[in-house]
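Just so you know, the sequence shown maps onto residues 1 to 231 in UniProt numbering.
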Amino acid sequence: MSIKISSNKNNNNNNKNKNKNIIKKNCNNNNNFNNVVRLCVMGDGGVGKTAVTTQFVSNHFVHYYDPTIEDSYRKQISVGDKSYILDILDTAGQDELTAMRDQWIRSCEGFVLVYSITSRSSFDQVLHFREQIYRVLDRDDIPIMMIGNKSDLINERQVSYQEGKELSQNLGMSYMEVSAKSRSNIDEVFYEAICCVKRKEELYRIKSKDVKILKSKNPLKNKLNQICKVM
Numbered sequence: 001m002s003i004k005i006s007s008n009k010n011n012n013n014n015n016k017n018k019n020k021n022i023i024k025k026n027c028n029n030n031n032n033f034n035n036v037v038r039l040c041v042m043g044d045g046g047v048g049k050t051a052v053t054t055q056f057v058s059n060h061f062v063h064y065y066d067p068t069i070e071d072s073y074r075k076q077i078s079v080g081d082k083s084y085i086l087d088i089l090d091t092a093g094q095d096e097l098t099a100m101r102d103q104w105i106r107s108c109e110g111f112v113l114v115y116s117i118t119s120r121s122s123f124d125q126v127l128h129f130r131e132q133i134y135r136v137l138d139r140d141d142i143p144i145m146m147i148g149n150k151s152d153l154i155n156e157r158q159v160s161y162q163e164g165k166e167l168s169q170n171l172g173m174s175y176m177e178v179s180a181k182s183r184s185n186i187d188e189v190f191y192e193a194i195c196c197v198k199r200k201e202e203l204y205r206i207k208s209k210d211v212k213i214l215k216s217k218n219p220l221k222n223k224l225n226q227i228c229k230v231m
């Protein structure tokens with residue numbers, strides 16, 4: 001069994017087009033523009049994290065399972081009228097690499113949590129990965145996208161679409177089912193992940209602005225600040 005370590009790789013239907021248009025429209029509302037987005041792809045082993053990522057980056061489906069430790073990818077894409085440089089970190093799902101996972105989490109600003117619709121256990125692990133992200137970053141406004149991969153394997157399904165949708169809603173995450181093999185919803189996942197990051201940035205900017213305005217409109221606090229400066 002071969003293990004890949006730290007490689008860098010640069011490189012159809014009406015409903016899908018409709019989804020892309022909705023995502024692009026929502027993402028373009030962010031005026032505070034920073035074009036570099038760092039995403040971390042996480043999930044249990046064997047769910048197809050690498051297959052999803054390489055299908056997006058290079059339009060190629062990986063037919064074999066080669067456990068990943070850490071692979072990084074970079075791709076420039078356009079969402080609406082804006083261009084983004086997307087740095088994607090494809091991570092290991094093995095439990096013995098939990099310590100490394102903390103480091104990966106700290107290096108990224110958005111997350112794609114992957115499970116397989118053919119594996120109930122991988123679905124159950126989504127909550128574990130989410131809790132680890134929240135523990136490491138210690139905040140509650142983290143952009144996370146949850147996806148159920150292998151949607152083409154209908155006869156092997158163990159997790160229903162409704163179960164995935166309900167879990168994502170309960171946890172406050174965006175959700176899609178995808179197929180790395182057929183490339184169904186692959187682009188949409190990363191477009192939406194970018195927009196999740198940008199929406200959070202915009203909300204943070206607005207909140208910060210509101211706090212500054214509130215402080216400036218507090219005459220008592222302003223007076224106390226002036227007194228403190230004099231003293």
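Beta carbons: idealized from backbone N, C-alpha and C, even for Gly. Keep in mind the model is a prediction, meaning the values are calculated, not measured.
- With respect to residue 43, residue 129 sits close: the two C-beta atoms are nearer than 8 angstroms.
- Segment contact: the segment 105 to 124 against the segment 148 to 157, three or more CB-CB distances shorter than 8 angstroms; contact assigned.
- Excluding its 5 nearest sequence neighbours in each direction, residue 105 has C-beta neighbours in its own chain below 6 angstroms: 133, 136, listed in chain order.
- Residue 89 places its beta carbon less than 8 angstroms from that of residue 39.
- Residue burial annotation: residue 36 is exposed, with fewer than 16 other C-beta atoms found within 10 angstroms of its C-beta.
- For residue 125, the number of other beta carbons within 10 angstroms of its own is at least 16, and it is reported as buried.
- In the DSSP secondary-structure assignment, residue 47 is not bridged to any residue.
- Note: residue 118 is not bridge-paired with any residue in the DSSP secondary-structure output.
- For residue 82, the beta-bridge partners assigned by DSSP are 79.
- When the five nearest sequence neighbours on each side are left out, the beta carbons in the same chain lying within less than 8 angstroms of the beta carbon of residue 204 are those of 141, in order along the chain.
- Closest by C-alpha distance to residue 201, out of 166, 109, 192, is 109.
- Counting other Cβ atoms within 10 Å of its Cβ, residue 84 reaches 16 or more and is therefore classed as buried.
- Contact between residue 193 and residue 112 holds, with the beta-carbon distance rounding to 6 angstroms and staying under 8 angstroms.
- Between residue 79 and residue 186, the CB-CB gap reaches or exceeds 8 angstroms.
- Counting only residues of its own chain and dropping the five nearest sequence neighbours on each side, residue 196 has a CB closer than 8 angstroms to the CB of 110, 143, 144, 145, 174.
- In this structure, the beta-carbon distance from residue 101 to residue 87 does not fall below 8 angstroms.
- According to DSSP, residue 149 shares a beta bridge with 116.
- Rounded to the nearest angstrom, the gap between the Cα atoms of residue 180 and residue 138 is 32 angstroms.
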